[in-house]
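**Student:** Before we start, here is the structure in question, set down as structure tokens.
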Amino acid sequence: MRELSRRTAGFTDSVIRRMTRVSQQYGAVNLSQGFPDFDPPKEILDKLAEVSGLPHQYSITWGAANFREALARKQARYMGFPVDPEREIVVTCGSTEAMMCAMLTVCNPGDRVALFSPFYENYGADAVLSGAEPIYIPLRPPLFSFDPGELERAFQGGAKALILCNPSNPAGKVFTGEELKQIADLAIKYDAYVITDEVYEHIVYAPHKHTYIASLPGMRGRTLSCSSLSKTYSITGWRLGYIIAAPEIIETARKVHDFLTVGAAAPLQEAAVVGLNFPQSYYDGLLEIYTKKRDLFLGGLKTIGLPFTEPQGAYYVLVDISEFGYASDLEFCEHLAKRVGVGAVPGSSFFREPVKHLIRLHFAKSEDTLNLALSKLQKIREVFSKK
Ligand code: GLN
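Structure (structure tokens):
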């Protein structure tokens, strides 16, 4: 047989999603792939239960009109600028498609794209699939801050776009207003685009605050704001995401999206409109729930004595596993799932640099699940000492 496409040669399957399969294989508490084990809001499920009242054929390729209208109203409220549902939104199958679609909208083969490392693993693959060459800019612990000089060199080196995950997965970093201004100034100076991934926009712990880079002066026309409903309404399996950008950008993004997937699931868009119309109290409640989970889980890790970086946003925590002396964090995670009974993602799948001493755990789980995971982690030293 003739050789298959070489496009994927540079990457493996997703390690995050592979670790879910590993967790299932060993019956481990799965704190690897980030998704909740609790139900979405009842109002959304009630709407979904009205099956015969829901649309069952294609919606308009760039999203059902009522979904876009509700989304535009909601995002305008939080982003701080008007969003035109007719010309500035494309609804996608999750932010995974939104990001891929944004990359294909912006990049020609051979273009360069800047990425902060650590980064959510899809971005590397997105760059390769769209023919773009990634340039990595390290975020340095403990605050995961970047050197503006390094970012500037990426733009000088030809980066046409920067991918900005804020709040960041896996670091839990929430970029400050000052950092975002530095990024915006450079993007404007070098006439570059910014492609955001803001799926954790509503999970930002006090006193930190989320700023949408698109809302900064000069950024509206050069930002492709990607996000999704997955984390905000606990519906990761519904695959509802979107890009918000200026009409000229959306016009191109809609063509890419149309030929990639035609459209997001029509009945799910209809049911999700209920969520998009929730009042502020829903988002306050969501944050309260996640703040409690964070405090519970991080408090447990502290008691066990596992060192970690405290997340400012999102629902991940990077835990330092140096004391266990593993050369391979992947092997560590396999042993953790098999012998301790907790699923985690090896940190190396997020870093460009050769980082092998971190694992990522997430706490988007019920208190019972988190307590179960903590009780298993309590025995981690005992289990690993019997190597
Ligand atoms: N964002 C989630 C994570 O990082 C999972 C997303 C996915 O697998 N599509 O774990």
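Sequence positions in the sequence shown follow the numbering used here and run 42 to 428. Where is the CB? At the ideal position from N, CA and C, for every residue including glycine. Remember, it's a predicted structure, so these values are computed and weren't measured experimentally.
Mind listing, in chain order, the residues whose beta carbon lies closer than 6 Å to a non-hydrogen atom of ligand 1?
**Tutor:** That query returns the following residues: ILE57, ARG58, GLN74, GLY75, THR137, TYR161 and ASN210.
**Student:** My assumption, with CB atoms under 8 Å, is that VAL56 sits in contact with VAL386. Please give the rounded CB distance.
**Tutor:** 6 Å
**Student:** Out of HIS376, ASN163 and TYR324, which has the shortest C-alpha to C-alpha gap to PHE52?
**Tutor:** ASN163
**Student:** Pull up the DSSP beta-bridge partners for THR350, would you.
**Tutor:** LEU359
**Student:** Exposed or buried, which one is MET42 when buried takes at least 16 other CB atoms within 10 Å?
**Tutor:** exposed
**Student:** Return the residue from the list SER136, GLU289, ARG261 and ALA106 that minimises the CA-CA distance to SER268.
**Tutor:** SER136
**Student:** Does the segment 219-238 come into contact with the segment 89-101, if we say contact requires no fewer than three beta-carbon pairs (one atom in each stretch) closer than 8 Å?
**Tutor:** no
**Student:** When DSSP builds the beta bridges, which residues end up paired with VAL235?
**Tutor:** LEU203 and THR264
**Student:** Looking at the strands, I want to know which residues DSSP matches up with ASN71.
**Tutor:** GLY384
**Student:** Closest by CA to ILE400, which one among SER389, ARG393 and GLU408?
**Tutor:** SER389
**Student:** Helix, strand or coil: how does DSSP classify SER269 here?
**Tutor:** strand
**Student:** Under the three-state reduction of DSSP, which class applies to LEU371: helix, strand or coil?
**Tutor:** In the structure shown, the three-state DSSP call for LEU371 is helix.
**Student:** Quick check on the burial criterion: 16 or more other C-beta atoms within 10 angstroms. Buried or exposed for LYS272?
**Tutor:** buried
**Student:** Mind reading off the beta-carbon distance from THR133 to TYR283? Whole number of angstroms is fine, and I expect it under 8 Å.
**Tutor:** About 6 Å; that satisfies the 8 Å criterion.
**Student:** Which class does GLY304 belong to by DSSP, given the choice of helix, strand or coil?
**Tutor:** coil
**Student:** Take LYS420 and list the residues in its own chain whose beta-carbon comes closer than 7 Å to its own, dropping the five residues that flank it on each side.
**Tutor:** VAL381
**Student:** Quick check on THR133: does DSSP put it in helix, strand or coil?
**Tutor:** Strand at THR133.
**Student:** Run through the DSSP bridge pairs and tell me what PHE196 is partnered with.
**Tutor:** Per DSSP, none; premise fails for PHE196.
**Student:** Any contact between the segment 364-383 and the segment 251-262? By contact I mean 3 or more CB pairs, one from each, below 8 Å.
**Tutor:** no
**Student:** Report the three-state DSSP secondary structure of PHE76 (helix, strand or coil).
**Tutor:** The answer is coil: DSSP assigns PHE76 none of H, G, I, E or B.
**Student:** Using DSSP's beta-bridge definition, name the partner residues of GLY282.
**Tutor:** THR133 and SER269
**Student:** Figure out for me which residue from ASP125, MET120 and LEU418 has the closest Cα to the Cα of ARG109.
**Tutor:** Among ASP125, MET120 and LEU418, the Cα nearest to that of ARG109 belongs to ASP125.
**Student:** Okay, do the segment 136-147 and the segment 306-320 touch, 3+ Cβ pairs below 8 Å being the bar?
**Tutor:** Touching, no, given that fewer than three Cβ pairs across the two stretches are closer than 8 Å.
**Student:** Please go through the same chain and pick out, in chain order, the residues whose beta-carbon is closer than 8 Å to the beta-carbon of PHE122, but skip the five residues on each side of it.
**Tutor:** ALA255, SER256 and ARG261
**Student:** How many whole angstroms separate the CB atoms of ALA233 and LEU203, which I take to be in contact at a CB cut-off of 8 Å?
**Tutor:** 6 Å
**Student:** Of the choices ALA355, SER266, GLN321 and LEU265, whose alpha-carbon is the least far from that of HIS249?
**Tutor:** Of the candidates ALA355, SER266, GLN321 and LEU265, the one whose C-alpha sits nearest the C-alpha of HIS249 is ALA355.
**Student:** Going by DSSP, name the residue or residues bridged to PRO182.
**Tutor:** Beta-bridge partners of PRO182 (DSSP): none assigned.
**Student:** Using a 10 Å radius around the Cβ and a threshold of 16 neighbouring Cβ atoms, would you call GLY316 buried or exposed?
**Tutor:** It counts as buried.
**Student:** Buried or exposed: where does ARG48 fall if 16 or more other Cβ atoms within 10 Å of its Cβ makes it buried?
**Tutor:** exposed
**Student:** What is the C-beta distance between ILE85 and TYR274, in whole angstroms, given that I count them as a contact (C-beta under 8 Å)?
**Tutor:** 6 Å
**Student:** Which residue or residues does DSSP assign as beta-bridge partners of PRO150?
**Tutor:** Beta-bridge pairing links PRO150 to no other residue.
**Student:** How should ASP336 be labelled, buried or exposed, when 16 other C-beta atoms within 10 angstroms of its C-beta is the threshold for buried?
**Tutor:** exposed
**Student:** Take PRO77 and list the residues in its own chain whose beta-carbon comes closer than 6 Å to its own, dropping the five residues that flank it on each side.
**Tutor:** Excluding sequence neighbours, PRO77 sits near SER275 and ALA405.
**Student:** Got a sec? Which residues, its chain only, sit under 7 Å from THR410 by beta carbon, not counting five neighbours each side?
**Tutor:** VAL70 and ASP78
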